[in-house]
Amino acid sequence: MNLRSILSVGPTLWGIGIFLVILGGSAPWIPGFLLTLVTGLLIWATLAYSLNLITGLVGYVSFGHVVFMAFGGYALAFGVGALNLHPVVGVALGAAVGLALALGIGLVTLRFRGVYFAIATLVIAVAALYIVLDIEELGDGKGIILNPAVEPLSVFYTILVTLAIEVGVTYAITHGRIGYGIRSIKGDEDAANTLGINAARIKLFVYALSGLFAGAAGGVYAWNVSGAFPYSSFSLTFSLQMLAMIVIGGMGTLLGPLIGTVAVYLPSQVFLTIPLLSGLQFTVIGLVVIIIALFVPGGIVGTLRKYIPEFRGMLE
Amino acid sequence: MTRVLEVSQVHKYFGGVRAVQGVSLAVQEGNVIGLIGPNGSGKSTLLNLIAGVMKPTKGRISLDGQRIDGWPAHRIVEQGIAKTHQIPKPFLAMTCRENVAVAAMFGSNKQKDQSEALETAGRVLTLVGLEGKADSISSNLTVQERKRLEFARVLGTGARILLLDEIFAGLSPEELRDAIGMFTQVQKEVGFGALVVEHVMRAVLTVSGHVVVIEEGTKIADGSPREVVENPAVIEAYLGAEAVHAPT
Ligand SMILES: Nc1ncnc2c1ncn2[C@@H]1O[C@H](COP(=O)(O)OP(=O)(O)OP(=O)(O)O)[C@@H](O)[C@H]1O
Ligand SMILES: [Mg+2]
Numbered sequence: 264m265n266l267r268s269i270l271s272v273g274p275t276l277w278g279i280g281i282f283l284v285i286l287g288g289s290a291p292w293i294p295g296f297l298l299t300l301v302t303g304l305l306i307w308a309t310l311a312y313s314l315n316l317i318t319g320l321v322g323y324v325s326f327g328h329v330v331f332m333a334f335g336g337y338a339l340a341f342g343v344g345a346l347n348l349h350p351v352v353g354v355a356l357g358a359a360v361g362l363a364l365a366l367g368i369g370l371v372t373l374r375f376r377g378v379y380f381a382i383a384t385l386v387i388a389v390a391a392l393y394i395v396l397d398i399e400e401l402g403d404g405k406g407i408i409l410n411p412a413v414e415p416l417s418v419f420y421t422i423l424v425t426l427a428i429e430v431g432v433t434y435a436i437t438h439g440r441i442g443y444g445i446r447s448i449k450g451d452e453d454a455a456n457t458l459g460i461n462a463a464r465i466k467l468f469v470y471a472l473s474g475l476f477a478g479a480a481g482g483v484y485a486w487n488v489s490g491a492f493p494y495s496s497f498s499l500t501f502s503l504q505m506l507a508m509i510v511i512g513g514m515g516t517l518l519g520p521l522i523g524t525v526a527v528y529l530p531s532q533v534f535l536t537i538p539l540l541s542g543l544q545f546t547v548i549g550l551v552v553i554i555i556a557l558f559v560p561g562g563i564v565g566t567l568r569k570y571i572p573e574f575r576g577m578l579e
Numbered sequence: 007m008t009r010v011l012e013v014s015q016v017h018k019y020f021g022g023v024r025a026v027q028g029v030s031l032a033v034q035e036g037n038v039i040g041l042i043g044p045n046g047s048g049k050s051t052l053l054n055l056i057a058g059v060m061k062p063t064k065g066r067i068s069l070d071g072q073r074i075d076g077w078p079a080h081r082i083v084e085q086g087i088a089k090t091h092q093i094p095k096p097f098l099a100m101t102c103r104e105n106v107a108v109a110a111m112f113g114s115n116k117q118k119d120q121s122e123a124l125e126t127a128g129r130v131l132t133l134v135g136l137e138g139k140a141d142s143i144s145s146n147l148t149v150q151e152r153k154r155l156e157f158a159r160v161l162g163t164g165a166r167i168l169l170l171d172e173i174f175a176g177l178s179p180e181e182l183r184d185a186i187g188m189f190t191q192v193q194k195e196v197g198f199g200a201l202v203v204e205h206v207m208r209a210v211l212t213v214s215g216h217v218v219v220i221e222e223g224t225k226i227a228d229g230s231p232r233e234v235v236e237n238p239a240v241i242e243a244y245l246g247a248e249a250v251h252a253p254t
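Chains as they are written, first to last, in my numbering: chain F, 264 to 579; chain A, 7 to 254.
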């Protein structure tokens, strides 16, 4: 990549880049409670972008994405707790585990299309919990508890860098030749195959990337909460929350997952502080998703692009 | 080197349905072969077998002597054989230009450079008379335009043997004349070989130098357009037994 092509990446990538740089630069001065909130936001943004790769770009709706997050978390907890690794290495381990799992799961499930793929991923997510419950090294059903993270800033910077890389990867694979391949598969997989696209390979590649980033985010999540615990790690509400974020923000877009994360994560944090409402969190998210899916199919970014012509060239 | 596609004794069974039963034919680069037969006689299935969309139950398909049956569809295109879909399958979210550029990027020529592929697409769209629609989103196309786009995409792959499934269907007489003219012109210019499945007799008889007729998955005739339309077995297959003996 030469300087010129770096400069010409477009306003959306520039915008996200500048946002992340400002966030990174100001982090040391952000008060503790706010830093915790922002770190949570970035973890969820990383998860949303991860799901966006396979579901938003390729069109394969995954209900089981929590699997990569959970195993990424367990990988970190095991690496840090049992092997004494540095947490950042633990996050890398989480990414590697996410990648390996996605390759294995994808090899089998990506043969199914549409709702069959969605169901297959759901079944795997449910089964995975029961497998982990029986593994002695992973806490024998009780989970793994770590010493609390001492340095919130290292957690913050780790997820910030992970997210930045992920946004860059999303941009790269949507703009190159492979981007055309991905859009073709989403458009009509049979037609894609008969025009020379190796759909199986591209799907597996994107799914593997998706697993990698979800695994890394899961690692940071476990680091942040100081441990991995089966029932909370494998909660399907995590999968649903990721889906809600990309549906609301705009599936398959570059900015959508970030907007969607802000739109879902911040209100849900407010909900959690009000005892009367905390149980209603997912009911509200569910309702909003249904309404958006039915009436505003492009999500926030898609709608802005549709109705405001000036945004069409700028917003991706 | 002119390329030759050979299909020999190919069978395809769907459970109890014997869709194709021992069909043999050959298509040489530069020649247009018509493939006709009544509804459900196995024409589309045969194209799908050649294009790698499905695997034959038995038989042999080869390109320049190399066996290609059972290969996945994307590898068949790489080898230089591309197929249209009887029901067009455009990428609805893309413009026509992008639809064809995908074919140029991933097809037989594998033009890695995006802007070159988009240029190729523009040229191909002009060839098929869709230049006015190049930057329209393909979901806005009529059925007829979608058929042209199917044709443009297989041309865009750069394949030397094209498998065309009813690209002339559903046209008015004038549209048909235009389409036949366009096809003949493009074929001359590009020099591809083609296996043309068609119900519209006028089209198939005009564009092909040789016609193969199948009925219930079996080849019943094979010859020049003239020989074929005069063949009693063909007339019977199309019009029923009485027609053969009916006074004309
Ligand atoms: N995927 C499939 N599964 C089961 N049966 C099939 C399948 N595809 C085709 N058939 C059957 O195989 C036979 C041949 O179908 P095919 O589509 O090849 O006919 P065709 O000659 O192209 O007909 P048409 O002129 O109507 O397009 C039909 O009986 C059809 O029902
Ligand atoms: Mg057919």
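Every residue, glycine too, gets a C-beta built ideally from N, C-alpha and C.
Fair warning: this is a prediction, and the values are worked out from it, not measured in the lab.
| Asked | Found |
| --- | --- |
| Any residue whose CB is nearer than 7 Å to a heavy atom belonging to ligand 2, listed in chain order | A/K49, A/S50, A/Q92, A/D171, A/E172, A/V203 |
| Straight-line gap, F/R374 to F/F380 (C-alpha atoms, nearest Å) | 8 Å |
| Alpha carbon of F/T425 to alpha carbon of F/L475, nearest angstrom | 10 Å |
| Any non-hydrogen atom of ligand 1 within 7 Å of A/A79 CB | no |
| A/S114: contacting residues in chain F (beta-carbon distance under 8 Å) | G459 |
| Sheet register partners of A/R24 (DSSP bridge) | A/Y19 |
| F/Q544 (DSSP reduced to helix, strand or coil) | helix |
| Distance cut-off 7 Å: A/A209 Cβ against heavy atoms of ligand 1 | no |
| beta-carbon A/G46 near ligand 1 non-hydrogen atom, thresh 7 Å | yes |
| CA-to-CA distance, F/F282 to A/I67, given in whole angstroms | 57 Å |
| Closer than 7 Å at the beta carbon, the chain F residues around A/M111 | R440, Y443 |
| Where F/R599 falls, given that 16 or more other Cβ within 10 Å makes a residue buried | The displayed coordinates of chain F run from 264 to 579. Any statement about residue 599 of chain F would go beyond what the structure contains. |
| A/H91: first and last residue of the uninterrupted beta strand (DSSP E) it sits in | Element bounds for A/H91: n/a, residue is neither H nor E. |
| Chain F contacts made by the region 155-172 of chain A, where a contact means CB separation under 7 Å | R159, T163 |
| Residue from F/G288, F/T275, F/I408, F/G444 with nearest C-alpha to F/L423 | F/G288 |
| CA-to-CA distance, A/P44 to A/E233, given in whole angstroms | 18 Å |
| Among F/S498, F/F296, F/D453, F/W307, nearest to F/A390 - alpha-carbon criterion | F/S498 |
| CB contact below 8 Å: F/L567 versus chain A | no |
| DSSP-derived helix/strand/coil call for A/V160 | helix |
| Cα-Cα separation between A/R81 and F/G459, rounded to whole angstroms | 7 Å |
| Proximal residues of chain A, C-beta to C-beta of F/G450 below 7 Å | F97, L98, A99, M100 |
| Pair within 8 Å by beta-carbon distance, A/G22 and A/G223 | no |
| Span separating the alpha-carbon of F/T302 from that of F/A363 | 26 Å |
| DSSP three-state assignment for F/R376, whether helix, strand or coil | coil |
| Beta-carbon proximity check, A/N54 vs A/G199, cutoff 8 Å | no |
| Whole-Å CB distance - A/D70 paired with A/V13, under 8 Å assumed | That pair is no contact at about 13 Å. |
| Separation of F/G481 from F/V547, as counted between CA atoms | 24 Å |
| Neighbourhood of A/P253 by C-beta distance below 6 Å, restricted to the same chain and skipping five residues each side | Caution applies to A/P253, whose pLDDT of 47 falls short of 50 and renders its modelled position unreliable; the value that the coordinates give is listed next. Counting only Cβ-Cβ distances below 6 Å, and skipping sequence neighbours, we find nothing. |
| Length of the line joining the Cα atoms of F/L385 and A/P96 | 31 Å |
| CB contact below 8 Å: A/Q150 versus chain F | no |
| F/T583 versus F/G561: straight-line alpha-carbon distance, rounded | The structure shown does not extend to residue 583 of chain F, since chain F is modelled only from 264 to 579, so the question has no answer here. |
| Beta-bridge pairing of A/A227 - partner residues as DSSP gives them | A/V219 |
| Cα-Cα separation between A/T101 and F/L297, rounded to whole angstroms | 45 Å |
| Check: F/G444 C-beta below 7 Å from any heavy atom of ligand 1 | no |
| Residues of the region 173-199 of chain A whose Cβ lies closer than 8 Å to any Cβ of chain F, in chain order | none |
| DSSP three-state assignment for F/V352, whether helix, strand or coil | helix |
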